[in-house]
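Presented below is the structure to which this report refers.
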Amino acid sequence: MRLAGILLLRWRWRIERGLDIAHEREKSGDDFAARVYVMFAFDPKHATIAQRLRHRLGEVLYRRSIPGNAIDYVWTSHEPRGARWDNPYAPESKMVSLGAGPMPEWRSEEVDVEADYRTLFGTAPPSIVAVAVMTDSDDSCQRATAEFADLGFTARQGRRP
191 MRLAGILLLR WRWRIERGLD IAHEREKSGD DFAARVYVMF AFDPKHATIA
241 QRLRHRLGEV LYRRSIPGNA IDYVWTSHEP RGARWDNPYA PESKMVSLGA
291 GPMPEWRSEE VDVEADYRTL FGTAPPSIVA VAVMTDSDDS CQRATAEFAD
341 LGFTARQGRR P
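Written as structure tokens, this is what we have:
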């Protein structure tokens, strides 16, 4: 899917059971009650030699095409809305905090994926190859419960996809 400068990603989510993670930017705290991943096609034109080699090795090992960069929109315990950082496990993945909210109320989100990609990676985004949701608590060994609804792309006001 090409963004073509007009798409927003919208969804609703709520946390029924959250996490209390103090160090969300570190491997030991890389757990989030809710994540929405947006994964992009690998773009060799904007990759270093090391990134191209690592990507090719991944394709050989997994015997399939694998995504390039990713943006993880996360419901955080302590990071403020708008905070951004590198994923501690995967440098090609960037984290964007959408803050926390009262539980278990539904919260609506809207993000400009193209603008976020340009800010985080410094270039226009390649095609989106996947969108995924996840609840993650393996590093902290806590339990979390999240629900997601109405996930989809929509046109910006006054434009058509």
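Numbering (the working numbering), first residue to last: 191 to 351. The beta carbon of each residue, even a glycine, is placed where N, CA and C say it ideally should be. Remember, it's a predicted structure, so these values are computed and weren't measured experimentally.
Using a threshold of 8 Å, state whether the C-beta atoms of residue i and residue j are closer than that.
{"i": "valine 323", "j": "valine 228", "result": "no"}
{"i": "leucine 198", "j": "threonine 313", "result": "no"}
{"i": "isoleucine 205", "j": "alanine 224", "result": "yes"}
{"i": "glycine 258", "j": "aspartate 276", "result": "no"}
{"i": "isoleucine 261", "j": "aspartate 221", "result": "no"}
{"i": "leucine 209", "j": "serine 267", "result": "yes"}
{"i": "glutamate 304", "j": "proline 315", "result": "yes"}
{"i": "tryptophan 203", "j": "alanine 334", "result": "no"}
Taking DSSP as the reference, what is the three-state secondary structure of residue i?
{"i": "aspartate 302", "result": "coil"}
{"i": "glycine 291", "result": "coil"}
{"i": "alanine 353", "result": "This structure cannot speak to residue 353, because the chain is shown only from 191 to 351."}
{"i": "threonine 266", "result": "coil"}
{"i": "threonine 335", "result": "strand"}
{"i": "threonine 325", "result": "strand"}
{"i": "arginine 274", "result": "strand"}
Can you tell me the Cα-Cα spacing of residue i and residue j, whole angstroms?
{"i": "tryptophan 201", "j": "aspartate 328", "result": "24 Å"}
{"i": "leucine 288", "j": "tryptophan 296", "result": "14 Å"}
{"i": "tyrosine 263", "j": "alanine 273", "result": "10 Å"}
{"i": "tryptophan 265", "j": "alanine 290", "result": "6 Å"}
{"i": "alanine 237", "j": "threonine 309", "result": "16 Å"}
{"i": "isoleucine 239", "j": "alanine 280", "result": "17 Å"}
{"i": "glycine 342", "j": "serine 330", "result": "30 Å"}
{"i": "arginine 271", "j": "valine 226", "result": "15 Å"}
{"i": "arginine 207", "j": "serine 298", "result": "18 Å"}
{"i": "histidine 245", "j": "valine 319", "result": "15 Å"}
Beta-carbon within less than 6 Å of residue i's beta-carbon, same chain only, minus the 5 sequence neighbours each way: which residues are those?
{"i": "lysine 217", "result": "Pro278"}
{"i": "glutamate 269", "result": "Glu214 and Ser287"}
{"i": "glutamine 332", "result": "Leu209"}
Looking at the C-beta of residue i, does it have a partner C-beta in chain D at a distance below 8 Å?
{"i": "valine 228", "result": "This model lacks chain D altogether; it includes just one protein chain."}
By Cβ distance, which residues of its chain are closer than 7 Å to residue i, with the 5 residues on each side in sequence left out?
{"i": "arginine 242", "result": "Pro234"}
{"i": "histidine 213", "result": "Gly219"}
{"i": "aspartate 326", "result": "Asp221, Phe222 and Arg225"}
{"i": "aspartate 354", "result": "Nothing about residue 354 can be read from this structure; the chain reaches only from 191 to 351."}
{"i": "serine 255", "result": "Glu249"}
Output needed for residue i: all residues of its chain with C-beta closer than 8 Å, excluding positions within five of it in sequence on either side, in chain order.
{"i": "phenylalanine 311", "result": "His236, Asn259 and Lys284"}
{"i": "phenylalanine 338", "result": "Trp201, Arg202, Trp203, Ala224, Val226 and Val323"}
Could you tell me which whole alpha helix (DSSP H) segments of length 4 or greater appear in the stretch 192-263? 239-252
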